[in-house]
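Just so you know, we're using the numbering used here here: the sequence shown kicks off at 1388 and counts up by one. C-beta atoms are modelled at their ideal positions from N, C-alpha and C, and glycine is treated no differently. Since the structure comes first, as structure tokens, the remarks are kept for the end.
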Amino acid sequence: MTRPLLILDTVSHHFQAASGEVLALRDVSLTVREGEFVALVGPSGCGKTTILRLVAGLIQPEQGRILYDGKLVTEPPDEIGMVFQKATLLPWRTVTDNVRLPLEIAGKPVDSAQIAAMIEAVGLAGFERAMPGELSGGMQQRVSLARALISHPRLLLMDEPFGALDMMRRNEMNLLLLELWARIQSTVLFVTHDIHEAVFLAERVLAMGPRPGRIVGNFPIDLPRPRQAGDRYGREMQDYVERIWQVLERTA
Ligand SMILES: Nc1ncnc2c1ncn2[C@@H]1O[C@H](COP(=O)(O)OP(=O)(O)O)[C@@H](O)[C@H]1O
Ligand SMILES: [Mg+2]
């Protein structure tokens, strides 16, 4: 067992919405160990994005503590990478210049061979000089992934990154992500509302329920790696999906 990289300790948070007060999270406690791949799964509105924003230091919890590498999170840590559902690329920059952006911002040396290797690793060799507008949604998400990984983040936060892709593209991206994860060994916290995707990807799935947002189940996924494309439809994976579904349904 590796040591904990991320700890949420009885975190509660509410928002003031037009319709009144929303208790987005109540007493959420979770631990993610260094190198682990954890998926957070739950219905829309159960607080998944709020957890990622708290971990990223973009908002502060009203109650409870968030510890990253043993230290209280009070601002965005510089060792994290983020990928969102919508590729947030700069439309006026080429693929290469989007991927190198985090290094520029951090004032780190930019090694063109390293950028080219990362673009190749996400399957976009030949598109280095393309503009984001010329790429499909799936290809744009590949660029987002390359950009998130270029600075070798210790923690990768992913918020429904493949939610807008069709099933085939999403399955491809799932396999690509696992391949990259095995290579770079980042810790991953992956948010999705798709139980199949959570079980396929993660070593552990945390199920969340809504109103108030809270953790309702912890499921270690004890299945062999590397995953194969067809595993998604195998009996064993389906068993996990059904167990998680039952818990989610009870708390929906
Ligand atoms: N900035 C905000 N202002 C008001 N309400 C918010 C805000 N952000 C999130 N919420 C509410 O908090 C709850 C959890 O939201 P969110 O974390 O985005 O859920 P999820 O990502 O699981 O869909 C929802 O009810 C949402 O409407
Ligand atoms: Mg969300």
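message: Please report the straight-line C-alpha distance between Ile1502 and Gly1468, rounded to a whole angstrom.
response: Against the sequence shown, residue 1502 aligns to sequence position 115. Against the sequence shown, residue 1468 aligns to sequence position 81. Roughly 16 Å between the two C-alpha positions.
message: Which residue marks the beginning of the beta strand (DSSP E) containing Glu1408, and which one marks its end?
response: Along the sequence shown, read from residue 1 onward, the residue named residue 1408 stands at position 21. From DSSP, the beta strand (DSSP E) with Glu1408 extends over 1407-1420.
query: Is the segment 1420-1430 close to the segment 1493-1501, with three or more CB pairs under 8 Å?
result: no
task: Pair every Cβ in the segment 1566-1578 with every Cβ in the segment 1614-1628, then say whether three or more of these pairs are closer than 8 Å.
output: no
task: With DSSP collapsed to three states, give me the class of Ser1573.
output: Locating residue 1573 in the sequence shown gives position 186, where the first residue counts as 1. Three-state DSSP puts Ser1573 in coil, outside helix and strand.
field: Rounded straight-line distance, which links the Cα of Glu1521 to that of Gly1513
entry: Here residue 1513 refers to the residue found at position 126 of the sequence shown. Here residue 1521 refers to the residue found at position 134 of the sequence shown. The straight-line gap from Cα to Cα measures roughly 13 Å.
Ordered list of beta strand (DSSP E) runs contained in the segment 1429-1487, each at least 3 residues: 1450-1455, 1467-1470
- request: From the DSSP output, in three-state form, read off Ser1538 for me.
  value: Numbered from 1 along the sequence shown, position 151 holds the residue referred to as residue 1538. Correct three-state label for Ser1538: coil.
query: Which word fits Gln1572, buried or exposed, when buried means at least 16 other C-beta atoms lie within 10 angstroms of its C-beta?
result: The residue given as residue 1572 occupies position 185 in the sequence shown. The residue in question, Gln1572, is exposed, as its Cβ has fewer than 16 Cβ neighbours within 10 Å.
DSSP state of Phe1587 mapped onto helix, strand, coil: The count along the sequence shown starts at 1 and reaches residue 1587 at position 200. In the structure shown, Phe1587 sits in a helix (DSSP, three-state: H, G or I).
task: For Met1595, verify whether its CB is less than 8 Å away from any heavy atom of ligand 1.
output: On the sequence shown, residue 1595 is found 208 positions in, with the first residue counted as 1. Because some heavy atom of ligand 1 lies under 8 Å away, the Cβ of Met1595 counts as near it: yes.
Exposed unless 16 or more other CB atoms sit within 10 angstroms - verdict on Gly1621: Within the sequence shown, the letter at position 234 stands for residue 1621. Exposed: under 16 other Cβ atoms inside 10 Å.
- prompt: Is any heavy atom in ligand 2 found nearer than 8 Å to the beta carbon of Val1428?
  reply: Against the sequence shown, residue 1428 aligns to sequence position 41. No.
field: Same chain, Cβ closer than 7 Å to Leu1445, neighbours up to 5 away in sequence not counted
entry: Position 58 of the sequence shown, counted from the start, is the residue given in the question as residue 1445. Answer for Leu1445: Pro1463, listed in chain order.
- request: Tell me, please, which residues DSSP counts as bridged to Gln1403.
  value: What you label residue 1403 is simply residue 16 of the sequence shown in a count that begins at 1. In DSSP, Gln1403 forms a bridge with Glu1408.
- prompt: Mind checking whether the beta-carbon of Phe1402 lies closer than 8 Å to any heavy atom of ligand 1?
  reply: Reading the sequence shown from its first residue, position 15 is the one you call residue 1402. Yes, since a heavy atom of ligand 1 falls inside the 8 Å radius drawn around the Cβ of Phe1402.
task: In angstroms with no decimal places, state the Cα-to-Cα distance between Phe1587 and Asp1484.
output: The count along the sequence shown starts at 1 and reaches residue 1587 at position 200. The count along the sequence shown starts at 1 and reaches residue 1484 at position 97. Inter-residue distance for Phe1587 and Asp1484 is about 32 Å (C-alpha atoms, whole angstroms).
query: Apart from the five residues just before and just after Arg1529, which ones in its own chain have a Cβ nearer than 7 Å to its Cβ?
result: As a working mapping, residue 1529 is identified with position 142 in the sequence shown. Cβ within range, chain order: Val1509, Gly1510, Leu1511.
- prompt: What are the partner residues of Thr1397, as DSSP defines its beta bridges?
  reply: Counted from its first residue, the sequence shown places residue 1397 at position 10. In the DSSP output, where bridge partners are listed per residue, Thr1397 has none listed.
task: Return helix, strand or coil for Arg1622, following the three-state DSSP convention.
output: On the sequence shown, position 235 is the one that residue 1622 refers to. Here Arg1622 sits in helix by DSSP.
field: Residue closest to Ile1537, alpha-carbon to alpha-carbon, out of Glu1408, Leu1610, Thr1389, Ala1504
entry: Against the sequence shown, residue 1537 aligns to sequence position 150. Of the listed residues, the one whose Cα sits closest to Ile1537 is Ala1504.
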